[in-house]
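Q: Starting off with a structure, shown below.
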Amino acid sequence: MSTEQITAPGAPSPSGETAARPGPRTGANAGRRPRSLTTRRAWSFYVFAGPWVLGFLALTAFPLGYALWLSLTNADGLSNNSRFVGLENYREVLTDPETMSSLARTGVFVALTVPLSIAAGLLLAVLVNQPIRARGLFRTLLYLPAVVPPVGAALTFKLIFDRDSGAANGVLDALRIDGVSWLMDPYARWVLVTLTLWGAGNTMIISLAGLQDIPKELHEAARMDGANAWQSFTKITVPMLSPVLFFQVITGIIAAVQSFLPLLISLDPTPRGVTSVPEGNYLFMIHVFAQYFANGRYGYASAMLWVLFLIIIAITFLVFRLSKGAVFYSVDPEPTKQSRPRTIGDK
315 MSTEQITAPG
325 APSPSGETAA
335 RPGPRTGANA
345 GRRPRSLTTR
355 RAWSFYVFAG
365 PWVLGFLALT
375 AFPLGYALWL
385 SLTNADGLSN
395 NSRFVGLENY
405 REVLTDPETM
415 SSLARTGVFV
425 ALTVPLSIAA
435 GLLLAVLVNQ
445 PIRARGLFRT
455 LLYLPAVVPP
465 VGAALTFKLI
475 FDRDSGAANG
485 VLDALRIDGV
495 SWLMDPYARW
505 VLVTLTLWGA
515 GNTMIISLAG
525 LQDIPKELHE
535 AARMDGANAW
545 QSFTKITVPM
555 LSPVLFFQVI
565 TGIIAAVQSF
575 LPLLISLDPT
585 PRGVTSVPEG
595 NYLFMIHVFA
605 QYFANGRYGY
615 ASAMLWVLFL
625 IIIAITFLVF
635 RLSKGAVFYS
645 VDPEPTKQSR
655 PRTIGDK
């Protein structure tokens, strides 16, 4: 049996000699990994990334490309006589008064619902973040409306605000006040805003997670310096929560612009079909729905959706530009030369 000992590279051998370290690869093999390892890693990447790539191509890239092609035609979805019309649909979208008015109503709806929804969610988050008894129960009850499907919530609101048998007018009758047509103008818009705020549990959960991430030492230090509750909230809580609020602003705008709730409120639970939408709630997406399925103008409706897509990109870019200096990040997303960590050898 051999008595040779295994010596680690660089360690002294029993004879006092230092074992030679494996030298760097030179020549054609320099910088190359073993081919089997490289191939295995490449196959692993394709196997894990492949489903996402296929899903993106089938469910995102192809529908977008097909909608872009439809927007350049006069397709009606029924006949095969569609032809290429170029940018004619886009010109009509930008000059159609009804399309522009529905877009303006959508802007008002976004300006009303997004700030109110974020403020309501933040208020609820602050309340359920207090050390009170049964705090978990209150959190669950406040979040429950957010898990109700939009169709169910809309039909429930339709029953509550019904002109003849709704609970809202029942309360008014008990107070000897004449009932009103809540689902008609000018009250229909406020019913829609109330329905949007009813799902504020989503923003509450996000704000609550952000509140629990704020170090308690900051509030304790402010309290020792004599700050009251309002000063602590405006000077510490809001700045520390600003990235979360900024996220809610972006996602809230995108969701509100694409809102389909007015049509859901107008759904008739009986087999009679869909009732008309009040003019105050005739938002952009309702107009798109009418062009698609009532008028059969697939090309024109596709052009409307592409215009909406560009508007969303422009609004998102504008909000990002306006947020500079208003959003506090604990880690600088764009480190400057002065804030970049210095390394040995920097001058």
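Heads up: the sequence shown is residues 315 to 661, going by the working numbering.
All residues carry an ideal CB built from backbone N, CA and C; glycine is no exception.
The structure displayed is predicted, hence computed values, not measured ones.
1. Grab the span of the alpha helix (DSSP H) containing W544 for me, first residue to last.
2. Please state whether DSSP places F574 in a helix, a strand or coil.
3. Any beta-carbon of chain C closer than 8 Å to the one on A448?
4. Output the residue ranges of the alpha helix (DSSP H) runs that lie fully inside the stretch 436-466 and measure 4 residues or longer, sorted by chain position.
5. By the three-class DSSP mapping on this structure, what secondary structure does F561 have?
6. Under DSSP, the alpha helix (DSSP H) around P529 begins and ends at which residues?
7. When burial is assigned at 16 or more other CB atoms within 10 Å of the CB, is V407 buried or exposed?
8. Can you grab the Cα-Cα spacing for the pair Y643 / Q572, in whole Å?
9. Counting C-beta neighbours from all protein chains within 10 Å, is the total for G659 16 or more, i.e. buried, or is it exposed?
10. Give the C-beta separation of A570 and V424 to the nearest angstrom, bearing in mind that I take them to be a contact with Cβ-Cβ under 8 Å.
11. Taking A439 as the reference, which of L511, A523, I625, A375 has the closest Cα?
12. In this structure, what does DSSP give as the bridge partners for F634?
13. Going by CA-CA distance only, name the one from G639, A615, E531 that's closest to L382.
14. Within its chain, find whatever has a CB closer than 8 Å to the CB of K661; leave out the 5 residues flanking it on each side and keep chain order.
15. Near I568, which residues of its chain fall below 7 Å by C-beta distance, leaving aside the five closest residues on each side in sequence?
16. Using only the alpha-carbon positions, how far apart do A514 and S358 sit?
17. Out of curiosity, what's the CA-to-CA distance linking R537 and I528?
18. Out of S416, Q526, L489, V633, state which residue places its alpha-carbon closest to the alpha-carbon of V663.
19. I need the boundaries of the alpha helix (DSSP H) containing F603, first residue and last residue.
20. Our contact map puts I600 next to L577 with C-beta atoms below 8 Å; I'd like the distance itself, whole angstroms only.
21. Considering only their Cβ atoms, is the gap separating G566 from V428 smaller than 8 Å?
22. If we count the other Cβ atoms within 10 Å of its Cβ and call it buried at 16 or more, is F471 buried or exposed?
23. Is the beta carbon of I579 sitting closer than 8 Å to the one on L506?
24. Could you spell out the range, first to last residue, of the alpha helix (DSSP H) harbouring W504?
25. Do the CB positions of L386 and F398 come within less than 8 Å of each other?
26. What is the C-beta distance between G610 and L392, in whole angstroms, given that I count them as a contact (C-beta under 8 Å)?
27. Use the C-beta contact count for W544: other C-beta atoms within 10 angstroms, 16 or more gives buried, fewer gives exposed.
28. Is the beta carbon of N443 closer than 8 Å to that of Q562?
29. Please identify the residue among M414, T551, R447, F370 whose C-alpha is closest to the C-alpha of L437.
30. Alpha helix (DSSP H) containing P377: first to last residue?
31. If you check the beta carbons only, do M518 and L575 fall under 8 Å apart?
32. Output yes or no for whether 8 Å exceeds the beta carbon distance between N403 and S396.
A: According to the structure shown:
1. 543-546
2. coil
3. Checking the listed chains, one finds no chain C in this structure; it contains a single protein chain.
4. With a minimum length of 4 residues, the continuous alpha helix (DSSP H) runs that stay inside the stretch 436-466 are 449-461.
5. helix
6. Segment: none, P529 is in no alpha helix (DSSP H) and carries neither H nor E.
7. buried
8. 29 Å
9. Any reading at G659 must be qualified, since the residue scores a pLDDT of 45, below 50, and its modelled position is unreliable; the value itself is stated next. Here G659 is exposed: its Cβ has fewer than 16 other Cβ atoms, across all protein chains shown, within 10 Å.
10. 4 Å
11. A523
12. F634 is not bridged to any residue.
13. A615
14. Its pLDDT being 42, under 50, K661 is placed unreliably in this model, and the value from its coordinates should be taken loosely. For K661, where only same-chain residues beyond five positions count, there are no Cβ hits under 8 Å.
15. I626
16. 42 Å
17. 15 Å
18. There is simply no residue 663 to check, as the chain begins at 315 and stops at 661 in what is shown.
19. 598-603
20. 6 Å
21. yes
22. Buried, by the Cβ-count rule.
23. In this structure, L506 lies closer than 8 Å to I579 by Cβ.
24. Bounds of the alpha helix (DSSP H) holding W504 are 502-512.
25. In this structure, L386 sits near F398, with a CB-CB distance shorter than 8 Å.
26. Rounded, the Cβ-Cβ distance is 6 Å, consistent with contact.
27. Classification for W544: exposed.
28. Not a contact, by the Cβ cut-off of 8 Å.
29. T551
30. 376-385
31. no
32. no
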